[in-house]
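Data block below; observations after.
In the UniProt record's numbering, the protein residues as written are 1 to 595.
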């Protein structure tokens with residue numbers, strides 16, 4: 001501890017002008033919550049100091065934090081426990097903690113096999129993929145709704161466990177030796193378990209919940225079962241129980257022996273959730289960060305270590321929606337290379353990749369009744385519905401200007417069982433820099449609807465639920481901005497068309513060979529001659545694309561003729577794009593998912 005610095009900051013400027021800031025702090029001093037608070041505080045201080053240097057602040061003593069951190073450890077007075085208090089505290093056996101052996105035997109240390117190398121990968125789970133996982137987890141769930149975190153953590157847990165079992169079976173080893181344990185870090189600041197913890201608490205305030213189930217309970221378990229185990233295993237403990245656990249830890253003569261009830265000698269999955277923090281929004285830089293991530297290092301390349309990271313999608317939500325999972329999530333996952341090999345061959349691991357949110361279940365059926373029922377705007381189910389509505393709305397404008405819309409806040413929500421649909425009513429605030437009103441945020445009433453199964457579908461048990469949205473008034477955007485988006489879209493289409501036609505021309509030249517030159521020249525002469533004639537639309541429609549392009553570039557072509565040719569070429573490009581989209585929907589095997 002004395003050899004390593006408490007805090008390290010590295011500033012790197014690249015040749016392109018980009019900047020990377022690396023920050024490292026010892027975990028013994030704070031957790032992820034404290035880390036991001038430190039970054040926010042440093043940013044605020046440096047901004048104030050720059051204002052002082054520029055003469056905007058008269059007195060250097062006025063450079064203060066608006067919300068200073070609380071750096072004293074919670075219940076620090078426990079260090080001065082009396083002997084009687086210490087003995088009483090040691091009588092309690094807390095849930096989730098144990099004491100490690102004092103000294104590891106030399107034989108045990110030398111008999112360990114050399115493990116396979118561990119590789120770290122970044123797996124991006126899109127918002128639609130997360131919504132599909134959550135819907136799958138809630139489909140057979142009869143209890144409390146399962147969050148996106150529960151569904152994603154359970155999916156990773158099941159996938160890794162099954163891959164390890166297959167690896168054991170392939171090596172003729174006992175599959176029962178694979179440990180189905182999972183450790184999940186829980187932030188106690190927002191759990192009301194330590195009620196006296198100040199809001200700006202800087203030191204560690206995490207609890208590691210450890211779940212372990214019999215091997216036969218997990219191998220063939222559905223996603224809903226594993227997700228329910230995680231939901232129930234991370235429920236808040238009674239405040240009195242947590243306080244007794246803190247007394248027990250403080251009373252230990254050697255606190256280095258205090259560990260979560262996790263068998264580190266066996267394989268497991270260890271999940272920490274950074275995506276709930278304001279990784280991208282929390283600190284106001286001059287330019288939004290392109291990437292905020294925890295790098296893979298020698299200490300983080302631990303088999304089974306899983307870190308859920310927010311993505312740049314967080315920049316599209318407001319501060320009012322902090323803590324609600326929106327957009328995609330990057331999963332930083334470290335596994336032994338043989339396990340990665342199994343996962344790469346497992347089609348079910350990314351079974352929802354590329355699926356659309358429109359086929360996902362809107363919410364657990366327990367949410368709906370014939371009476372319109374208010375729901376909390378902070379409910380993850382409501383947040384998912386609101387994000388689905390905004391995603392659908394963003395795709396509706398021909399010019400593309402609706403792509404600038406983002407969810408700023410959910411004011412109110414309610415659920416209702418209609419005659420033909422399950423309905424979620426939403427009152428939301430949407431943000432865009434291009435509203436006609438010049439306001440940055442405007443309020444809208446929206447609905448998310450999911451079709452109810454027909455009678456014959458209920459009898460067969462097979463039906464495809466479709467989701468749609470409704471909105472009272474569409475956002476009105478600035479006319480000049482719409483025109484600019486139109487121009488940009490047209491230019492992009494022209495560029496794609498130009499590149500595509502050049503590709504076709506090259507392919508045609510390669511196919512025809514060099515002996516066709518005379519024919520090409522005569523064809524061009526014939527094309528120029530035809531320009532002087534009156535061409536009908538039917539004649540243009542049957543012309544090859546290459547000949548139309550030659551007509552378009554001929555100076556003798558009239559403006560109406562060029563307009564007709566451009567319309568035909570645009571129509572052919574649209575058909576080609578639709579064909580390419582159909583081909584792109586076919587499964588593609590990628591070795592690297594972070595693309």
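No residue lacks a Cβ here, since even glycine has one placed at the ideal position from N, Cα and C.
Relative to residue 374, the option among 398, 339, 424 whose CA is nearest is 424. Looking at the DSSP output, residue 543 bridges to nothing. The criterion of a C-beta distance shorter than 7 Å is not satisfied by residue 301 and residue 122. For a cut-off of 8 Å, the C-beta gap from residue 535 to residue 548 is around 10 Å, too long to register as a contact. Between the alpha carbons of residue 408 and residue 503 lies a distance of about 43 Å. In this structure residue 269 is in contact with residue 157, their Cβ atoms being roughly 5 Å apart against a cut-off of 8 Å. Under the three-state reduction of DSSP output, residue 149 falls in the helix class. Counting C-beta atoms within 10 angstroms of its own C-beta, residue 336 has 16 or more neighbours from the protein chains shown and is therefore classed as buried. Within the model, the alpha-carbon separation for residue 488 versus residue 556 is close to 28 Å. Exclusion of the five residues before and after residue 421 leaves 449, 450, 451, 452 as the residues of its chain whose Cβ lies within less than 7 Å of its Cβ. Counting along the chain, the unbroken beta strand (DSSP E) around residue 411 starts and ends at 406-417. Secondary structure note for residue 25: its beta strand (DSSP E) is the uninterrupted segment 19-25.
Nearest neighbour of residue 309 by Cα position, chosen from 299, 303, 280, turns out to be 280. Nearest neighbour of residue 147 by Cα position, chosen from 378, 44, 50, turns out to be 378. Distance from the Cα of residue 468 is smallest, within the candidate group 10, 371, 396, 276, for 396.
By the Cβ criterion, the segment 161-173 is not in contact with the segment 194-210, since fewer than three pairs of Cβ atoms, one from each stretch, lie closer than 8 Å. Our two residues, residue 554 and residue 546, have alpha carbons roughly 13 Å apart in a direct line. The closest CA to that of residue 398, considering only 143, 201, 490, is found on 490.
Residue burial is scored here from C-beta neighbours: residue 418 has fewer than 16 other C-beta atoms within 10 angstroms and is therefore classed as exposed. Straight-line spacing of the CA atoms in residue 401 and residue 14 works out to 33 Å. Per DSSP, residue 44 is one residue of the alpha helix (DSSP H) stretching across 32-53.
In chain order, 401, 404, 477, 478, 481 place their CB closer than 7 Å to the CB of residue 434, counting only its own chain and leaving out the 5 sequence neighbours on each side. Separation of residue 288 and residue 537 (C-alpha to C-alpha, rounded to the nearest whole angstrom) is 51 Å.
In the three-state reduction of the DSSP assignment, residue 170 falls in the helix class. Taking the C-beta atoms as reference points, residue 180 is found nearer than 7 Å to residue 215. Distances from the CA of residue 446 to each of 37, 440, 470, 438 were compared; the closest alpha carbon is that of 470. Its chain contains 133, 223 as the residues whose beta carbon lies nearer than 7 Å to that of residue 155, once the 5 sequence neighbours on both sides are disregarded; these appear in chain order. Between the alpha carbons of residue 59 and residue 265 lies a distance of about 57 Å. For residue 22, same chain residues with a beta-carbon under 6 Å away, outside a window of 5 residues either side, are 10 in chain order. At the C-beta level, residue 131 and residue 313 stay beyond 7 Å of one another. With a beta-carbon spacing of about 7 Å, residue 430 and residue 475 fall inside the 8 Å limit used to define contacts. If the five residues before and after residue 277 are omitted, its C-beta is found closer than 8 Å to the C-beta atoms of 32, 33, 36, 310, all from its own chain and listed in chain order. Non-local beta-carbon contacts of residue 125 in its own chain, meaning distances under 7 Å to residues more than five positions away in sequence, involve 152, 328, 329, 331 in chain order. The residue among 96, 74, 484, 272 with its C-alpha nearest the C-alpha of residue 205 is 74. The segment 238-246 and the segment 80-99 touch, with three or more beta-carbon pairs separated by less than 8 Å.
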